[in-house]
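Engineer:
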Amino acid sequence: MKVNAKLLSITIERFKSFEAATAIELAPLTIIHGRNNGGKSSIIQSLLLLKQTLADPRSEVPLKFEGLVDAFNVRELTHGWPSAGDAVRGPAIRLEWESAVDLRAAHEEARKPDMTNFVSQTGLPRFGDEIMTMRTHLAVEFAERFGNVKIARICVGDDEGHRFVLRGEEAGWKCYWDLEGKPLLADKIDIELDHFIPYLRIVRKNLGPRHTQRAWYNAYLFLFAQPLEALKGLLGDLQYLGSVRAAPPSLYRASSIAPHEIGASGEFAAQLLHRRQRELVHYLPPLDADSGAGIPAYVHARPLVDSVNDVLVKLGIDAPLKVDDIQDVGFRLLFGEASLAHVGRGLTYLLPMIELGLLADPLKFSGQLADMTLEVYRESCGAFTHVAMEEPEAHLHPKVQSRLAHWLVSLAMANRRLLVETHSDHLVRRLRGLVARAGRGTELERWLLDNVVILGVEQDAQGRSAVTSTRLTAEGGVGEVWPTDFMDEASSEESAIYYAGLDKAAPLPNSPGVEFDDGEEPNLEVP
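Per our numbering, numbering through the sequence shown is continuous, rising by one, with the last residue being 1703.
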């Protein structure tokens, strides 16, 4: 079954610089910008924290502090760094996502319940056997008790007001079925946790087929069991590329097994490219907005190394990339005749970013050979890949920074959902330029207006972060909200240069100037 799970929003509270509950809208292409140390990275880190926790093989670990997000304890991640005590109220993170639910499978799991009784006991509608798209949210509140990390509360619900509330108490967990704000204790339902993901269980022989709590449990099977599995997969598959890259060597040792990811610093990008260079990936070429061509007609199916070269050319990099094998020693990555270690930091930063976008293809290495229309590709995928990246523009020429916008849009159109932290006004300005150049009412204009969200993160004098969310306008503007000190530096500097130049061109008052006698040039030699 095609799950097509996609993350719709994150809400963080008491997490690092975010004190108040802050809802963060997500789109296929979400751009995060703001001043340094304003809280931008905390948005991505909230997801990375959950990802690294789920990756721990010990399911009893509620929150893992070692990894991409590193901390000593809950207090370090809590706004204001509360002092140690018997109990500390820690961060709360709420995720909302959309996924497909196979109601036929839910009926089987619930052992084909009496639907008339189910409806009367739960207030839910009578479910059929179709595939249904549902919106689900999971909210988890963490705490520290006597120095140990705990989960204080979990809530899983839908957008119709149906939810289960789980409370962690000294005597254990208590479960409540909550319908429209009326919590009812479900003491016959057992709770198991996979880190922070709740699983509900019942002993069927202890509950008759028409028992109220059995109906509540069946509500969990219909509404939440499959979406929670989809969330686990979504977070586990989250791809991330940070803003720091390790210096590449001149010669790489070949890996016997291809890595699964390029690494947070792109450290595995070369080995993955070497091992998978002839295997197929699928990508929509970067937009060619300058020619007015609009959205590319086809998603390409190409070997990985050919795909990298195609994207490099479209971003303005002419030197071809090739993999040079050295028998019994290893391999080199060459741009033209120069190894990766000698081509400058820009390309060493750009290569992992391009590779990440290509490897985020839900159909990668599947062997599907033919190019296909974007519509056919989307239908074939059955999944979205979520990608977070920080400062993809680092060390790049301004023109390449601008063209990155073309690549990010094409990726987001082709089942990659991108969360991009950036300081590049060139990148954001080009997004504005793309929508301004797009013809009125064209598919490209509609896509950009509907699917690009720009988040501005600012921090007040007390160190509390806030987020403003806005979208592009058809004229190339950015909604009604625009944060201070972003995208005004270039225009302000140009104005300053212009007026300073005018001042210098004007003669100074009472200046004797330079006189020329008989048309002769002045003597400028140093005596």
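Ideal Cβ placement from N, Cα and C applies to all residues, glycine included. None of these values were measured; they are calculated from a predicted model.
Can you check whether the C-beta of H1602 is within less than 9 Å of a C-beta belonging to chain C?
Structural biologist: Among the protein chains of the structure shown there is no chain C, as only one such chain exists.
Engineer: Give me the Cα-Cα distance between A1517 and F1560, rounded to the nearest whole angstrom.
Structural biologist: Roughly 34 Å separates the two Cα atoms.
Engineer: What does the Cβ neighbour count give for N1699, buried or exposed, with the cut at 16 atoms within 10 Å?
Structural biologist: Note that N1699 scores 43 on pLDDT, short of 50, meaning its location in the model is unreliable; the coordinates nonetheless yield the value given after this. With fewer than 16 Cβ atoms within 10 Å of its Cβ, N1699 is classed as exposed.
Engineer: Just verifying my parser: in three-state terms, what is the DSSP assignment at I1219?
Structural biologist: Per DSSP, reduced to three states, the secondary structure at I1219 is helical.
Engineer: Could you spell out the range, first to last residue, of the alpha helix (DSSP H) harbouring D1464?
Structural biologist: Segment: none, D1464 is in no alpha helix (DSSP H) and carries neither H nor E.
Engineer: Using the Cβ count rule (16 or more neighbours within 10 Å means buried), how would you classify G1215?
Structural biologist: buried
Engineer: Would you kindly report the start and end of the unbroken alpha helix (DSSP H) that includes D1601?
Structural biologist: D1601 to R1613
Engineer: Determine the DSSP secondary structure at P1698, reduced to helix, strand or coil.
Structural biologist: With a pLDDT of 40 at P1698, under the threshold of 50, the modelled position of this residue cannot be trusted; read the value that follows with caution. If DSSP states are grouped into helix, strand and coil, P1698 belongs with coil.
Engineer: Indicate whether N1485 and P1496 have their beta-carbon atoms separated by less than 9 Å.
Structural biologist: Pairing N1485 with P1496 gives a Cβ-Cβ distance under 9 Å.
Engineer: May I ask which residues mark the beginning and end of the alpha helix (DSSP H) holding I1522?
Structural biologist: It should be pointed out that residue 1522 corresponds to Gly in this sequence rather than to Ile. R1521 to L1535 is the span of the alpha helix (DSSP H), which, as asked, contains G1522.
Engineer: Any contact between the segment 1207-1221 and the segment 1626-1646? By contact I mean 3 or more CB pairs, one from each, below 8 Å.
Structural biologist: yes
Engineer: Taking 8 Å as the threshold, find out whether the segment 1291-1299 comes into contact with the segment 1257-1274 through three or more Cβ pairs.
Structural biologist: no
Engineer: Please determine, among V1475, L1314, D1500 and I1373, the residue with the shortest C-alpha to C-alpha distance to R1555.
Structural biologist: Per the sequence shown, the amino acid found at residue 1555 is Glu instead of Arg. E1555 has its Cα closest to that of V1475, out of V1475, L1314, D1500 and I1373.
Engineer: How would you label I1530, buried or exposed, when you count the other beta carbons within 10 angstroms and need 16 or more for buried?
Structural biologist: buried
Engineer: Could you give the residue range of the beta strand (DSSP E) that holds E1569?
Structural biologist: No beta strand (DSSP E) contains E1569, which DSSP labels as neither H nor E.
Engineer: Here's the rule I'm using: 16 or more other beta-carbon atoms within 10 Å means buried, otherwise exposed. How should E1368 be labelled?
Structural biologist: exposed
Engineer: How many angstroms separate the CA atom of P1359 from the CA atom of W1353?
Structural biologist: 6 Å
Engineer: For Y1375, I'd like the list of residues in its chain whose CB is within less than 6 Å of its CB, leaving aside the five on either flank, ordered along the chain.
Structural biologist: E1368
Engineer: What's the gap between the Cα of T1649 and the Cα of D1370?
Structural biologist: Straight-line Cα distance between these residues: approximately 43 Å.
Engineer: Which word fits P1444, buried or exposed, when buried means at least 16 other C-beta atoms lie within 10 angstroms of its C-beta?
Structural biologist: The question names Pro, but residue 1444 in the sequence shown is Phe. Counting Cβ neighbours within 10 Å, F1444 comes out buried, since at least 16 surround it.
Engineer: Take every Cβ of the segment 1191-1210, pair it with every Cβ of the segment 1229-1246, and state whether three or more of those distances are shorter than 8 Å.
Structural biologist: no
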